[in-house]
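Chains as they are written, first to last, in our numbering: chain A, 4 to 607; chain B, 1206 to 1784; chain C, -2 to 306; chain D, 22 to 337. Inspection log for the structure reproduced underneath, given as structure tokens.
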């Protein structure tokens, strides 16, 4: 099975990529599992049963774990392992990219961001509401913008005992938010100072306790086989989220054997040490060559696992991958090179798969740069995109023209506002003061160094020239430079895309709020955020979807990004492989796979 | 019956420049156990003859146009190479002029000497090696056993030539073709090699075809002599007859133009004094004797020794004291520890302006180094160089630049010492530019033209490149280049050693003439005593970096003080047998 | 010998240090940082992870620390992109590159030298022309074209020969051929030149005069000298070969070292980058040294000592 | 006493360059190469202006077979392949030649100095080369890209502003400059080693010593006497480096250095074409043909030049 590249590791709490998840899904199992063919349906995993305490307001959930759940080394898997995993993932020292996936759990965020100040104050009785309100929106965490090693850069929450002492001497060392009075300021420092003194003043650095004691964490274990999770807000789709590998349990006993909880580089994921609870166990790992997993005999559902093992190949080169497939070296490819799609359709009709995927390809506009400060220009550029022609002639992957931001799935009312309409486009551009593209500056279209993105860019370039008379300069950059350029808003237009983390519109919408790292357009909008806020507080599913749809509509009206198409995953799948069905998240549960008996000897 | 018989052999070279009749219808023969000397200048076709016999000529451009070469009754011309190879190195061996380049630098001596045996006879390697070593001893290589395992570059020139001979004779051939085997060697070494050859001839009973440009050499060893000129045989016969009563003007010329210790001439006669050549339309040449040759000879003899401003040591131009130069050689990066060679070891000398100091010595004696050191082309270790009252030894290269204008050098190999990528004009203009001689281009050009005429070349040569000239012409050019900066002192470093005697004579005359006209001062370095004697007022003999002897040239010859000098004088081949 | 070696080793050390310095600051000069990703990572996380890798320290301190760790701990740091020690990565991928490189070299020499000799011996004949044309093709066709061509028109049709992958012996065939081709072409040209040079020398004539057969003249008398230029070229070339090639490795799915050079650069993985370039620098230094030694062995003459007279 | 050396006849009034030209004319391959190159140039730099816009996208007419208006058919975006090849040729030929010229210039001077100076200087200079050889090229490129790309934009603005040049053209020009920079930096290293080796042997020749004796300055000796004598082999080697440069250009272009899409170059065309091996081979073959044809000719021309300049060979 093609897997595009060498994983950074197999620790579910550290990795953050798709290709890693593909392997991890075989080695670990979450509370609930994906359904082999139906999206948004949860199958029992480690948990046998799960239900909200109050189905009206699903902000507290019970997961009943199966008694026969075991680790691959035979040790029983208990709720404690989950609690440990959550705490580990949230541990600041571990610095996991994906900890925010647990922010739904009560107090998780405070702990992970170690917001000492807030935690110290929130229980404080003689702290009146209005202070409370002012403090609440103040972030005492580290500010990257602040100058190197200034107290703001470190963050009030992170200041050490000595630092705090100095600060007490000279409060001006920390740039305080306007609305905090000197007295409050003083008490803030004092509380932190006392805490440091009392809790860990005399301790040595390495044995410093973190703030775990201060929070009352949402996840608890009433007994060995029950997991109770209290959320910040109602989340009807929590089971969906728990399918994500960040929610997978890690074996407490093994992890601690090779290091303490906050240690990132421990040997527990080394082939000889790693212990999982998934349908498979790691068999062999040759760096940059292959990773092979085989049946896990400790797995609770071992009898229903259909294949003996999987071999993941880190093939970076699409063409090589496809050629290897044609040469019969593998069963599933990671994808097909667009040049080869039609060819494959012709030669191997029953092998080619093109499936809709929970992702959107769009083009970011830099709303701080002329001419995209003007929404009309953004709309014009969007209307000038002949999505259909692009898909049929260039991509050829059966992608769907993106009529909105959120791809259609479940019963979410997909938007249909984005269309190809050159006339309207020209009109809008004219209204904006650029009739026929006159007066438009040279526009820089940022894209990556892949051949495919080059072709796409050239096609789009041609469309904009044709319909709007705009001169676009394509700027190819290698990946990191490209990301950096977007972060620094050093672009006019930038190709981009987003793959949903979980089955909910929110994963496409919440990234456009103010100050979210992935926004990068400079666009933000009060109303938009309020709507999302409201949605977050509603437990009722349909109502919630309506609000989200409303937010999306608003977003598309402003159109800080130009949706182009909804991703499809194109890949080659050998007909021998049974039980592999289209899934929006492409998170195929391997245990349901079957191979024709006469081909048993051939490995994936 | 004769071992080798050459009849009407014709070998032509067909090049872009046209057809060159290198060997043009020659016939002669060699009998068993006989040494035949083939004498001629470069281009006379003597080497080509040898190469033709063994089919070693590059074809094209070379082509045998006719004639036959029968060896022991077998026709060699157009013999298939496979058969020819069985003769090469087995029955006919050959040794070449430059032992430096003719031995494979990448192979051990032993391998190279053994190779012919292994090729031509099926004997075990050990056998072959023992025979090889024997032969090496025979040709006078001391402790051959050990030295056999070293590489050519670790041998001196003379030793290399012995190796060549050993290699040639190790298969006991019937005929040995020796192509200028001693030209590149010192007189003493040459003498030894000649001895070895004539000895070997006797006890191995081989015939030798001895090719040389130097009549003197064959005089000693050859039974018969064949003189070639421009592809033709002009005269052949018993050695004695040739030397005593040469009939052909060219041969007379050759005999006359070679300076000997006894020579009385102030200006050497040249071949042209005897021989007239006119080139016919069809490229063939008519040779005829100058009517007034003897008259000319007489007047040359009679010419009085011109007056050198000798004697008064008042105007000493160059004074060298205790000059010492050391080399680090053998400093092999593979770890051979470098050893110090005292190339020049505390030498004193002085030259009055307008005079010539002759510097004689064999290769390795440090004479060239001394010359280079005086010009600061070579860093000195200690000692002083006083030039016209200025101490040079401690000058930096930069300061030296002023003196470069006044002191010049003429190298041995004119081809190597001229930049092949520069026309003669560029070559001559450049020094003037550097030393700001002549105000504008046209003026410099005029100077060049006059220079060229002074050295006997015409203005039509200006736009040509060195490779288009003959050796003699090139040497004239480098003389002209040296003169371009109007120096007062010139170091002539072996500047005629590589030349045919006839051309040598011309160049020597030229140098003399210039010395008189421009009152030049020479340091004349050579290994050839007779040449030095001809050129110089005072002379100095060097060995191993030290001065053996010096004094007035005449005296040194009349009664040499040092043993070494005597040895040198002994070694000089007599140009004539009579006395 | 010793003196020479110590000299060169000293120089090598200097080279490596200079190399380190340049690479270090180049790496710092690249836009972005190791943890730049499209994912939405909080400032806290970034701060923590920087601390984890010691990237929160001031530049000059980092500049000192890295070599210090190499010398004291023998540690080249932990790769930020692969999450494992740089040493591991090199030690796991270099052997593959080494094998590949050696085979490639074998191809290069096995093809290049004979072609070069052949065309030198048959100078200006049609054979010469053909050989040089072949060499030119080798130089012209980039490996990202040769590779796929081989995959499609050779591997796909020969059973047992995999299109790509690494593990069995035969898997080495195609990639090493692809990798070696260019070097082969260069070698062919250099050899030709070298042989011609030697053939023009007198001792070859001597050999003929001895009655040595033409083939033997080439093999025994000219080859050694004729290969000198090729050897000089092989020094750095070999270093490049065994340090892997991104293109060949990705095309043929070889777990070699070359791809890491590229990945390290694109992921701003400075530790891996430094580790790799130091390693590569080391290879180059060693190879050049070897090349010089080899030249010394091939050519017994001392490099150059001024003849006294 | 006028000397006439009868044994040699000297061809009248010939000169090195005359000879060279004569010998060139005799060398069939070299002349053939010369002609091909001439044709290529005229195609790419003259004929190109008369054919269709190479960037005219026509998505409905992609991969069209060769026809009257599209001689070589069209590419993945329905652009005229022939036009693209010709325009691509402009870039590639320029890149190839200029980059080579730059690196040759640096390489010769550097190598010559190193070889002539010898000793410590030589050691240091060669170790520097080693160092540069080991610098990860990609990193260098990324840095250059980051720093120089803005710069080139500004320069374009400036030129267009002050000299009223055609914006398009200027843009293309300034874009390629950083590229040359990168390639130049890379290219001269190996060359300098070769030149050095040559110089080492040349400087032992007597005419160099003669030059010293005549009091020529080091610089003069180096540039007037030594370097001219190492040109021959250098020419050949440098013709070998041209393809390398052209291919590098392709790789760099994808990293954002060099030609800015939709403009193209042979390297880029070939690189992209390589992906259509299974489907549309001509996309690889046609540009590949032009590319290798040019390089072949260039190479033979180089060889011819070397032989023509080689005075020794000229002797007979």
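Here a beta-carbon is modelled for each residue, glycine too, at the ideal position from N, C-alpha and C.
Sequence-distant residues of its chain with Cβ nearer than 7 Å to residue i (five each side left out)
i: residue 1600/B; result: 1581
i: residue 163/C; result: 93, 250, 251 and 252
i: residue 1227/B; result: 1216, 1217, 1218, 1250, 1253 and 1436
i: residue 1766/B; result: 1754
Chain-order list of residues whose beta-carbon lies under 6 Å from that of residue i (same chain, five-residue window excluded)
i: residue 1230/B; result: 1213 and 1215
i: residue 489/A; result: 497 and 523
CB contact below 8 Å: residue i versus chain B
i: residue 236/D; result: yes
i: residue 207/C; result: yes
Any chain D beta carbon closer than 8 Å to residue i
i: residue 1500/B; result: no
i: residue 338/A; result: no
i: residue 1322/B; result: no
i: residue 64/C; result: no
i: residue 1703/B; result: no
Local conformation of residue i per DSSP, three classes
i: residue 1249/B; result: coil
i: residue 1832/B; result: Not covered by the structure: residue 1832/B. The range shown for chain B is 1206 to 1784.
i: residue 286/C; result: helix
i: residue 56/A; result: coil
i: residue 1766/B; result: coil
i: residue 1663/B; result: coil
i: residue 137/C; result: helix
i: residue 1462/B; result: helix
Sequence-distant residues of the same chain with beta carbon closer than 8 Å to residue i, five excluded per side
i: residue 345/A; result: 399
Chain C within 8 Å of residue i, Cβ atoms only
i: residue 209/A; result: Low per-residue confidence applies at residue 209/A: pLDDT is 49, beneath 50, and the placement is therefore not dependable enough to give any value.
i: residue 481/A; result: yes
i: residue 1778/B; result: no
i: residue 1671/B; result: no
Buried versus exposed, by CB contacts within 10 Å (16 or more), residue i
i: residue 1483/B; result: exposed
i: residue 351/C; result: Since the displayed chain C opens at -2 and closes at 306, residue 351/C lies outside it and no answer follows.
i: residue 193/A; result: exposed
Along the stretch 173 to 199 of chain D, what residues have a CB closer than 8 Å to any CB found in chain C?
Listed in sequence order: no entries.
Taking beta-carbon pairs under 7 Å, can you tell me which members of the stretch 278 to 312 of chain D lie near chain A?
So the list reads 281, 282, 283, 293, 296, 297, 299 and 300, given in the order they occur along the chain.
Which residues, in chain order, does the stretch 183 to 211 of chain C contribute to contact with chain D at a C-beta distance below 8 Å?
Against chain D - using a Cβ distance shorter than 8 Å - the residues of the stretch 183 to 211 of chain C are 183, 186 and 190.
What are the residues in the stretch 1285 to 1305 of chain B lying within 9 Å of chain C by C-beta distance?
Listed by position along the chain: 1286, 1287, 1289, 1290, 1291, 1292, 1293, 1294, 1295, 1297, 1298, 1299, 1300, 1301, 1302, 1303 and 1305.
Near-chain D residues of the stretch 390 to 417 of chain A (beta-carbon distance less than 9 Å), N- to C-terminal order:
Here the close residues are 392, 393, 395, 396 and 397.
Could you name the residues of the stretch 1605 to 1619 of chain B whose beta carbon sits closer than 7 Å to any beta carbon of chain D, in the order they occur along the chain?
1606, 1609, 1610, 1613, 1614, 1616 and 1618: these are the residues of the stretch 1605 to 1619 of chain B whose beta carbon lies less than 7 Å from some beta carbon of chain D, given in chain order.
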